[in-house]
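Undergrad: Numbering (the numbering used here), first residue to last: 289 to 514. Positions of the beta carbon are idealized from the N, C-alpha and C atoms, including for glycine. Sharing a structure here in C-alpha cells format.
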Ligand SMILES: *Cc1c(COP(=O)(O)O)cnc(C)c1O
C-alpha cells in the first residue's frame, strides 16, 4: 500500500521490482515476463517526470481527456514511452484513444469493438488490446461476463478482425483476489491469449504468482491519492 511513500522515488521503484522478482521466482516465472505500469491518473506532470528521468517507460491513465492533456508532449520528448488506457472508454472516443494510447486494457462490448475497428481503419494503426472481464460479475462494474467471454473474443476476431493481446480484470474489493486472477488465467488460456493485466498496489504479488504479465500500480509508486 502506501507504506513506502516516505522513500525517495528510486528506492521505492526498486522495492517494487524486488517484490515482483520474488513473487515471480516463487512461481517459477521469469521476472522480465512482468511489465510494471505506473498508474499516473490524477498525478500532475511534475510527479510523472521523475519516473521518466529514472528510465521508467510504461504508464497508465484511466481518462482519455486527462491523458490527452498530460501525455502528448511527454510522448514527443520520449518516443519509447508506452501509454496504457486502464479506464472505461466511450465508443465516441475510440479514435482519439487509438491515436493517443499504445495499449487499451478495457475493451468490453461489441459497440466499442466496432468503433475501435473503424478507428484502426481511419488511423492505419491500432493500439494493442486487452478485453476487460468482470470476474466478480458485479453489476456496477464494466467488463464482459465470464460466460460471455468466449463468444465476445470470437466476435472481435471474426467480425471486427481485431488483434487481441490478453485479458484484464479488477477483482471485487471485498474478496480475496487470487481466485479471480486464476479464473482470468483460465479464460485467457482457453482463448489462446497470452497476456494478463491484473494486480494493483495491494495484490500485485498474488497476481504475479498467478501469471500476471502487466501489473498496474498507482499508490505503491506515487503515494496516496487525494
Ligand atoms: C487506479 C487504478 C489502478 C491503480 O490502483 P492503485 O490501488 O493505486 O495501485 C489500477 N488499475 C486500474 C484500472 C485503476 O483504475
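So what's residue 495 in DSSP terms, helix, strand or just coil?
TA: In the structure shown, residue 495 sits in a helix (DSSP, three-state: H, G or I).
Undergrad: Does at least one heavy atom of ligand 1 sit under 8 Å from the Cβ of residue 424?
TA: No, the beta carbon of residue 424 sits no closer than 8 Å to any heavy atom of ligand 1.
Undergrad: Helix, strand or coil for residue 348? Go by DSSP, reduced to three states.
TA: Correct three-state label for residue 348: strand.
Undergrad: Would you kindly report the start and end of the unbroken beta strand (DSSP E) that includes residue 540?
TA: Residue numbering for the chain in the displayed model covers 289 to 514; residue 540 lies beyond these limits and cannot be assessed.
Undergrad: For a test of your reading of the model: does the CB of residue 472 fall under 8 Å from any non-hydrogen atom of ligand 1? Yes or no.
TA: No, the Cβ of residue 472 stays beyond 8 Å of every heavy atom of ligand 1.
Undergrad: Do the CB positions of residue 361 and residue 493 come within less than 9 Å of each other?
TA: Not a contact, by the Cβ cut-off of 9 Å.
Undergrad: In angstroms, rounded to a whole number, what distance separates the CA positions of residue 476 and residue 454?
TA: When rounded, the distance between both Cα atoms is 7 Å.
Undergrad: Return yes when the Cβ of residue 489 is within less than 9 Å of the Cβ of residue 506, no when it is not.
TA: Cβ distance < 9 Å, so residue 506 and residue 489 count as in contact.
Undergrad: Within the 9 Å Cβ cut-off, does residue 346 reach chain B?
TA: Of the chains in the structure shown, none is chain B; there is only one protein chain.
Undergrad: With a threshold of 8 Å, establish whether the CB of residue 350 neighbours any heavy atom of ligand 1.
TA: Residue 350: yes, Cβ under 8 Å from ligand 1.
Undergrad: Leaving aside the five residues before and after residue 289 along the sequence, list all residues of the same chain whose C-beta is less than 8 Å from its C-beta, in chain order.
TA: Legend: pLDDT at residue 289 = 46, less than 50; position of this residue unreliable, no value from coordinates given.
Undergrad: With DSSP collapsed to three states, give me the class of residue 289.
TA: Here the model assigns residue 289 a pLDDT of 46, short of 50, so the residue's position is not dependable, and the following value carries that caveat. In the structure shown, residue 289 sits in coil (DSSP, three-state: anything other than H, G, I, E or B).
Undergrad: Use the C-beta contact count for residue 504: other C-beta atoms within 10 angstroms, 16 or more gives buried, fewer gives exposed.
TA: Buried, by the Cβ-count rule.
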